[in-house]
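First comes the structure, then the notes that go with it.
Protein chains: 4
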Amino acid sequence: MLLSPSPRGADLGTRVREFIATVITPVESQYFADLAQARASGNAWKTLPLMRQLQEKARAEGLWNLFLPAGHGDEYAAKFGTTGGAGLTNVDYAPIAELTGRSFIAPHVFNCNAPDSGNAEVLLRYGSEGQKRQWLEPLLQASIRSAFLMTEPGVASSDATNMQATAIVEGDHVVINGCKWWSTGVGHADCELLIFMGLSDPNAHKYLRHSMVIVPRSTAGVEVVRMLPTMGWYDEPHGHGEVRLTDVRVPLSNVIAGPGRAFEIAQGRLGPGRVHHCMRLIGLAEHALELACRRAVSRTAFGKPLVNLGGNRERIADARIAINQARLHVLHAAWLLDTHNLSAINAVSEIKVAIPTMAQNVIDMAMQIHGGASLSDDFPLAAAWLHARAIRFADGPDEVHRGVVARFEIAKYRGAES
Amino acid sequence: MLLSPSPRGADLGTRVREFIATVITPVESQYFADLAQARASGNAWKTLPLMRQLQEKARAEGLWNLFLPAGHGDEYAAKFGTTGGAGLTNVDYAPIAELTGRSFIAPHVFNCNAPDSGNAEVLLRYGSEGQKRQWLEPLLQASIRSAFLMTEPGVASSDATNMQATAIVEGDHVVINGCKWWSTGVGHADCELLIFMGLSDPNAHKYLRHSMVIVPRSTAGVEVVRMLPTMGWYDEPHGHGEVRLTDVRVPLSNVIAGPGRAFEIAQGRLGPGRVHHCMRLIGLAEHALELACRRAVSRTAFGKPLVNLGGNRERIADARIAINQARLHVLHAAWLLDTHNLSAINAVSEIKVAIPTMAQNVIDMAMQIHGGASLSDDFPLAAAWLHARAIRFADGPDEVHRGVVARFEIAKYRGAES
Amino acid sequence: MLLSPSPRGADLGTRVREFIATVITPVESQYFADLAQARASGNAWKTLPLMRQLQEKARAEGLWNLFLPAGHGDEYAAKFGTTGGAGLTNVDYAPIAELTGRSFIAPHVFNCNAPDSGNAEVLLRYGSEGQKRQWLEPLLQASIRSAFLMTEPGVASSDATNMQATAIVEGDHVVINGCKWWSTGVGHADCELLIFMGLSDPNAHKYLRHSMVIVPRSTAGVEVVRMLPTMGWYDEPHGHGEVRLTDVRVPLSNVIAGPGRAFEIAQGRLGPGRVHHCMRLIGLAEHALELACRRAVSRTAFGKPLVNLGGNRERIADARIAINQARLHVLHAAWLLDTHNLSAINAVSEIKVAIPTMAQNVIDMAMQIHGGASLSDDFPLAAAWLHARAIRFADGPDEVHRGVVARFEIAKYRGAES
Amino acid sequence: MLLSPSPRGADLGTRVREFIATVITPVESQYFADLAQARASGNAWKTLPLMRQLQEKARAEGLWNLFLPAGHGDEYAAKFGTTGGAGLTNVDYAPIAELTGRSFIAPHVFNCNAPDSGNAEVLLRYGSEGQKRQWLEPLLQASIRSAFLMTEPGVASSDATNMQATAIVEGDHVVINGCKWWSTGVGHADCELLIFMGLSDPNAHKYLRHSMVIVPRSTAGVEVVRMLPTMGWYDEPHGHGEVRLTDVRVPLSNVIAGPGRAFEIAQGRLGPGRVHHCMRLIGLAEHALELACRRAVSRTAFGKPLVNLGGNRERIADARIAINQARLHVLHAAWLLDTHNLSAINAVSEIKVAIPTMAQNVIDMAMQIHGGASLSDDFPLAAAWLHARAIRFADGPDEVHRGVVARFEIAKYRGAES
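Protein chains in written order, with the working numbering: chain A, 1 to 418; chain B, 419 to 836; chain C, 837 to 1254; chain D, 1255 to 1672.
Written out as structure tokens, the structure is:
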């Protein structure tokens, strides 16, 4: 159980840290000012020039597409710019994801942001050569953006088998109908690729009914009904959309890996994706704890620095403990994914339950130490807190993942049943 | 310990409930649509026509200024439109506040919203006849709006004695300098009254140094530097502002109750205000629980209604228990305010600690049952959750109130010290 | 909603408080020393002489059988010694139960201890005149003791319909077979009355299958298999036993209220009983908080009194808040039992969920402030903590009561189901 | 960060697991029956014959003194029977400690129980050759037992500098006076070695005032005043005593490492000791979770196995998550102790805060699933729960360790102070 990165992973981590500190952080507030201005002028749904510049610098330094996995991803890592020309293990990438998670824009700078990274991984693992050439390559160059269409407004999507949108094979085409929402990325002007998940054969086994289909954004019948606010935020330029698909026709060859394999693909997509989410949240929690400590030692009330008031030290200690446990937990899941793929399903569900709530709580504590200031955008805390909360739904709500963990645990004792 | 309302209070409660159900609720989504449109056209910082209409109806029915307290407020209740022509006790008003708290606009409709109601109460209890005529009467007619300027960006305002803005008596004037923020209401076009709290005599006893001063919004030297987002929301039309005051001169007669009495006044203002906040939050939590139950019985996942999945029933039970305890707790504090004024300080601090967190947790649970939908504005849950969180800062953060409660508790045993 | 006691209730409360302070508390440590000695000499399973003396004093002062309910209990209260000669409402008795709960022996001194008080109530409400004469009267004189035989070792007794012990009517007798445990009181030398609950008619409606039967302890076939330790304690002199009943025959007239009515009776027995348990736990929690405060102001570490270290003040505040909410909650349930009997089932379940856990947590906090000393018997904290924990099982575990609360809550929205 | 054991460690772990399963577990209930009988006959304060037999078997298999540390402990591991003849790293020993922690007697069987193992480590690291010969060797042969005298009843011992018992150097002797309690092991008939910590020089630096002194149990002036119950249990045969020392004189050579070094030694003793405590608690929590799952799949209520009722699955999932995080956390602290000794102080404090509470909560959940049965001694749950609770005091209460963690965290930002 080796939970520390390889020398190459460690070196990339050092360089990512340095890049964030010297290149990204100094312009982060400028980025948000530019974004606010773009928003005011109705022009926020595209990559800002400053982001393009940052991406170019990152790519030039080989800090690009670092999420590409060792093994499957080596060829593409070599071709699309990662230093050392090979994909990283999850144990190598996890600490890097943590570093990028401290900042709201860093994942985009390194082209390692959801959902593009997850969509790239789907194409990498399950796509045909043609699909990779047409969609994966531009994604890895950040020349296009993508969205993943899974959740539906009409049903409890926590149970993915509830999905009702259809992807019916008709001869050498697939015809798609239905409504999706929380389609992250669909608002972006460069979003050309939609990966759609829908019901193809209602009579098949529960996990063999659905297909995953590539739908070019420009196909007739695709309509973005509205962009959804997330607790008031639209998260431009990518955003989250509600998408109606009406008699959308695409060639049969757009089905990824063939009809009926959507669940298999989703499972493969979501394991590393959840590790990334969790590690980024650990970075966010670390950032919040750092802000809390800085504030607590520098502000005074009732004649003492805040750090010496009431339970503040205890809360800081509890936050440190929670973060440290969380990091080891995620690294262990990453290591299981790297080494024991199949047995990692429950480990991934475990971290998906535990880490977002941990982050929400740590950030809540940091807010409380900042007082009302934390509600404003003078600090990144409010946005961090909302983000951690939202991740408790993304890729399956806490309750569903607890169910997975419990099922594995109970299975050990099924022989004990009377 | 009679915790239920008088017949008159109960009757007003029934009528408020009916008014909300038949007059407010049916147009609430229209109101927010109007507000969104006003926001889009840069015109959101004033009372919308629909709100004016609702206020007129409420006033016509005598459901107006219900917050006015029995005793001090009777004359004004008679004059400004409350049915029955007298103020209500806290025990009578608390259930009404709960009802209005279910809706984000109801408190405004009944002219019972913070900070106007609290500012009215300050004038009522401590204002001169002239001050009442000039400021209280238009407030009670909703012809002007007001703001309360206390918190400062530069210091930990949880310790109010930290306040550094000054209100220096110079002859028959007061000269004000400093910077305030989280001045709720200051964004409103009708906001004409600022009640400012500042340091007058640094050499006086800690609680006798500050004065509370009426500052007309239009006075030279008053500048709203910016409106502050609260976790991304600007809460138009009233909003929360950062206000710089530079050599602002007002007549000495604008000092409420005379120099040095700000803490005394603030204490009187905040007791009932905190009861109102807490009761409104209980209404909000009830609303969230209702939505959670409705969703849980009507949505299906894994072959069962959500209500029968995992721990959902237990969470619903825990929410019911928490709300019921909270309501009794606040009613008891209200009763203490009505009957034992002085001994109610700790009771008010107790509820200020307990109720916002309770509401935040209940709403968080309701969100989780709604899944991703709860993040959108299709449901009032995200806004409710943010509101409950924000109230954990308003009128003193949790930690300060815990300190008050502990101080009272420990005082019982001081004789036991070695 | 009048939650304070009547003048008579208040007066009795004052006298109970005084009696505990001046008569019981001064000899409480002597009582436990006597008990330890009795235990060492194998002689602990009977009422100690000191307890007899205390009981006589209490009875002489009319502080006796105070649990007897207003209405049904008036005649017996008059006859068996309660001052004022009438039963008390739940709202009157609840604060008295709180006072007695501060001490481990006070409930016995006032003849208000479980399970005797509950058994008395069963006989009072459902017993025949003959049953009352034979069993109720000596119970109210404390000349006999009793036990309640419900829980079974072989099944999950949280679901009472699981019960498998049988009470079969054969002509004019009932024949009983089965095994019960956690039969509190069965260890006492004076325990002459067992109230047994068993299955009479497996074909009847689920809640009409069981009967409640009076079984004299001396009947052939009744065997106490063992006394059970509760986390190591045997709770002499009453204790908790495992009882095997083999072909036990009693006259049909021993069936309380007739065959098939056990669930109806149990429900009536348990409502007030749970209120008593909860109020006594509030007394215990208050006692723990008092000890915590006394210790925290009088001990020093790291150069400060404990009360000024870390989060201790916040924990004290949270304990005060939790206790105050709990007390109001139980008083409200008591008031509902007094005034709205039927609608109180969920209120009773609510307090049964909330209060024992509250008490466990408050006592845990008090222990932590005492350090290792709290583990010893120099303080009543360890015993208090174990007791609160155990009550989370008594009269139904938390989970079952949460289920009841949820069922009531959800029932409001059943129309909303799709 | 390699958190898995070496091949030798893994092999020893496998053999320990096998030994527990085949040799210890089958006789564990017999052991407790023997102990109960010994207790009944007043003969419980010595090693039972069955324990001697188990110890001989363990020693014969080289599963003996496994706690001895790699490096310092190699010679003794070779001489006193550990297979492979060398001490183990903390990372190697931690999983073994977890296995022994599942059972209440296994640590004694392997001669790895507190406080003997900790005392052995003190002698090993800081003792003179003579001290090792006289005391360490018989300890490692289990021919004597020992106690550690640190905590005092008269002061808050959470602040160790509070200690008031004295160890005054007078010529070539040390004279000891004072009162200690919670001296674990002092009740055992074979307890010959007391390691005493007391104040030697009140004028020295705070951490250089105290000395650690070897006091033979038989020295004149040593009196065991009483054995202390821990929540009702006396934990025979070792127990926890209150010890009065009156003018106890021992040679100066009995001072370990010389006067004034007690804090330095205690720190070295406590690091690994806390890792052992925490890993054993993880074993205990795993055992409780296993029992909970077995019960939950085999018992039925309301027509379903318990595992499918209410929130039981979620609680099982949360327990699994908490245990897994805890294990990684302790392994990481063990690895830091092995590799970065100095930086491990805060890591050790972190686990000391987090793991006992985790264990207490998991065991509490398991109890709740067992219902009232868990209170009896039919299951090891009550004892496990009390043990986990007690460990929250042992080696420093939670609050003190939180303080250490916070101090390290805040130190990073001291430059930020204004």
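Quick reminder that beta carbons are idealized off the backbone N, C-alpha and C, glycines included. Treat the numbers as computed from the prediction; the structure is a model and nothing was measured.
Would a C-beta distance cut-off of 9 Å place residue i and residue j closer than the cut-off?
i, j, result
"residue 1115(C)", "residue 1158(C)", "no"
"residue 1455(D)", "residue 1065(C)", "no"
"residue 12(A)", "residue 81(A)", "no"
"residue 1354(D)", "residue 1402(D)", "no"
"residue 1374(D)", "residue 1346(D)", "no"
"residue 1211(C)", "residue 1218(C)", "yes"
"residue 764(B)", "residue 822(B)", "yes"
"residue 1188(C)", "residue 1113(C)", "yes"
"residue 434(B)", "residue 472(B)", "no"
"residue 573(B)", "residue 629(B)", "no"
Tell me the DSSP secondary structure of residue i in three-state form.
i, result
"residue 1529(D)", "helix"
"residue 1655(D)", "helix"
"residue 436(B)", "helix"
"residue 1666(D)", "coil"
"residue 1050(C)", "strand"
"residue 1625(D)", "helix"
"residue 1672(D)", "Residue placement at residue 1672(D) is flagged as unreliable, the pLDDT there being 41, under the threshold of 50; the coordinate-derived value follows with that caveat. Correct three-state label for residue 1672(D): coil."
"residue 973(C)", "helix"
"residue 542(B)", "helix"
"residue 946(C)", "coil"
"residue 444(B)", "helix"
"residue 1336(D)", "coil"
Is residue i near the ligand ZN, judged by its Cβ being under 8 Å from some heavy atom?
i, result
"residue 401(A)", "Absence of the ligand ZN from the depicted structure is noted, as is the absence of any ligand whatsoever, leaving it without description."
Nearest by alpha-carbon distance to residue i: which of the options is it?
i, options, result
"residue 836(C)", "1106(C), 940(C), 1095(C)", "Nothing in the structure corresponds to residue 836(C), since chain C is present only between 837 and 1254."
"residue 680(B)", "585(B), 799(B), 455(B)", "585(B)"
"residue 881(C)", "1107(C), 1070(C), 986(C), 898(C)", "1070(C)"
"residue 1651(D)", "1399(D), 1414(D), 1433(D)", "1414(D)"
"residue 728(B)", "290(A), 250(A), 302(A), 407(A)", "407(A)"
"residue 1462(D)", "1448(D), 1512(D), 1447(D)", "1512(D)"
"residue 837(C)", "745(B), 678(B), 804(B)", "745(B)"
"residue 1105(C)", "900(C), 1172(C), 954(C), 938(C)", "954(C)"
"residue 738(B)", "439(B), 582(B), 703(B), 774(B)", "703(B)"
If contacts are defined as beta-carbon pairs under 8 Å, then residue i and residue j qualify, I think. What distance do you get, rounded to the angstrom?
i, j, result
"residue 1013(C)", "residue 1050(C)", "Actually they are not in contact, since the Cβ atoms of residue 1013(C) and residue 1050(C) sit about 17 Å apart, beyond 8 Å."
"residue 592(B)", "residue 670(B)", "6 Å"
"residue 324(A)", "residue 1655(D)", "Actually they do not touch by this definition, with Cβ atoms about 14 Å apart."
"residue 274(A)", "residue 395(A)", "6 Å"
Ordered list of alpha helix (DSSP H) runs contained in the segment 240-321 of chain A, each at least 4 residues: 262-298
Alpha helix (DSSP H) runs wholly inside the segment 1387-1433 of chain D, at least 4 long, in chain order: 1391-1394
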